[in-house]
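Colleague: Under our numbering, read the sequence shown as residues 222 to 411, first letter to last.
Virtual Cβ for every residue (Gly too), placed ideally from N, Cα, C.
Predicted model only: the values in this text are computed from it and were never measured.
Following this message is one structure expressed as structure tokens.
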Amino acid sequence: MTSSVPDAATALASPVTADVAGVPTLTELFRTHHPFVWRMVRHLGIPPSSLDDATQEVFVIAGRKLPELTSLAQPRAWLFGIARGLAANWRRSSERRRAREDAWAQAEPSAQAQPDRELERRQAAASVETFLAELGEPFATTLVLVDVEGLSAPEVAEATGAALNTVYSRLRTARQRFDRFVESLDAGAS
């Protein structure tokens, strides 16, 4: 029995051709935005052991939805919306299995050359991850999309479905909280 749902390899081997001007092919989307989607599914809580699978699934979903589009002015915002929905489903199932924490512990390979520097980097990354978790989803997502990924506030508004002024407000609040967080770390290190 054959599946009617194509996998990413099949979808990329026979790219969706754009019937409408301004709508890229799946191959173009993949080549241009794969690193962004991978980082976003990681930020959205997908365990490191499943990042490649989740990224592939985002592009499979995009391939299915691409023929329905009439225009695609901001593809990263559209792909983020798909990634966010996929991540929400993934988190719900992961919470039932409680395997997420174990996978995060193995997130990145250790650097053999400079273990002290690697330890400091991991501690800093863990501190930022903790800060983002405590900050809350809408604020953390806005901060990461703008300050880490370089999306504009209008792109974030489109991707998250929030009003543009809400995005600016969340960004301002998140940046202020991050500044206080860094100040508290500096004060604790003194």
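Residue range of the alpha helix (DSSP H) that Pro375 falls in?
Modeller: Reading the sequence shown from its first residue, position 154 is the one you call residue 375. 374 to 381 is the span of the alpha helix (DSSP H), which, as asked, contains Pro375.
Colleague: When you compare only the Cα positions, how much space is there between Leu201 and Leu300?
Modeller: Within the shown structure, residues of the chain are numbered from 222 to 411, placing residue 201 beyond reach of any answer.
Colleague: Taking one C-beta from the stretch 360 to 370 and one from the stretch 254 to 266 each time, how about it: are there three or more such pairs within less than 8 Å?
Modeller: Yes, the stretch 360 to 370 is in contact with the stretch 254 to 266.
Colleague: So does the stretch 244 to 259 actually touch the stretch 286 to 300, counting three or more Cβ pairs closer than 8 Å?
Modeller: Flag = yes, the stretch 244 to 259 and the stretch 286 to 300 touch.
Colleague: Could you give the distance in angstroms between the alpha-carbon of Ala408 and the alpha-carbon of Arg398?
Modeller: Numbered from its first residue, the sequence shown carries residue 408 at position 187. Numbered from its first residue, the sequence shown carries residue 398 at position 177. Going by the C-alpha atoms only, they are around 15 Å apart.
Colleague: I need the straight-line Cα distance from Val244 to Glu370, nearest angstrom please.
Modeller: On the sequence shown, residue 244 is found 23 positions in, with the first residue counted as 1. On the sequence shown, residue 370 is found 149 positions in, with the first residue counted as 1. Cα-Cα distance, rounded: 22 Å.
Colleague: Val403: buried (16+ other C-beta within 10 angstroms of its C-beta) or exposed?
Modeller: What you label residue 403 is simply residue 182 of the sequence shown in a count that begins at 1. Under this definition Val403 is an exposed residue.
Colleague: Between the Cα of Asn310 and those of Ala275, Glu339, Arg396, Ala361, spot the shortest distance and give me the residue it belongs to.
Modeller: Mapped onto the sequence shown, residue 310 falls at position 89. It is Ala275 whose Cα lies nearest to the Cα of Asn310.
Colleague: Output needed for Gly382: all residues of its chain with C-beta closer than 6 Å, excluding positions within five of it in sequence on either side, in chain order.
Modeller: Reading the sequence shown from its first residue, position 161 is the one you call residue 382. Counting only Cβ-Cβ distances below 6 Å, and skipping sequence neighbours, we find nothing.
Colleague: I'd like the list of long-range same chain contacts for Tyr389, defined as Cβ closer than 8 Å, with 5 residues on each side in sequence excluded.
Modeller: Counted from its first residue, the sequence shown places residue 389 at position 168. Contacts found: Ala374.
Colleague: Please state if the CB of Ile282 and the CB of Leu307 are separated by a distance shorter than 8 Å.
Modeller: By 1-based counting over the sequence shown, the position of residue 307 is 86. By 1-based counting over the sequence shown, the position of residue 282 is 61. Contact: yes.
Colleague: Look at the alpha carbon of Glu339 and the alpha carbon of Arg401, and state the distance between them as a whole number of angstroms.
Modeller: Here the question's residue 339 lines up with position 118 in the sequence shown. Here the question's residue 401 lines up with position 180 in the sequence shown. Answer to the nearest angstrom: the Cα atoms are 25 Å apart.
Colleague: Cutting at 7 Å between CB atoms, please list the residues of its own chain near Gly302, excluding the five before and the five after it.
Modeller: Here residue 302 refers to the residue found at position 81 of the sequence shown. Cβ within range, chain order: Ala380.
Colleague: Do you know offhand how far Gly348's Cα is from Arg396's?
Modeller: For the purposes of this step, residue 348 is taken as residue 127 along the sequence shown, with counting starting at 1. For the purposes of this step, residue 396 is taken as residue 175 along the sequence shown, with counting starting at 1. Here residue 348 is Ser; the residue named in the question, Gly, does not match the sequence. For Ser348 and Arg396, the distance between alpha carbons rounds to 15 Å.
Colleague: Distance check for Phe360 and Val258, CA to CA, integer angstroms please.
Modeller: Position 37 of the sequence shown holds residue 258. Position 139 of the sequence shown holds residue 360. One C-alpha to the other measures close to 19 Å.
Colleague: Does the Cβ of Gly357 have 16 or more other Cβ atoms within 10 Å, making it buried, or fewer, making it exposed?
Modeller: Translated into the one-based positions of the sequence shown, residue 357 becomes position 136. It counts as exposed.
Colleague: For the alpha helix (DSSP H) holding Thr276, just list the boundary residues, first then last.
Modeller: On the sequence shown, residue 276 is found 55 positions in, with the first residue counted as 1. Unbroken alpha helix (DSSP H) run through Thr276: 272 to 286.
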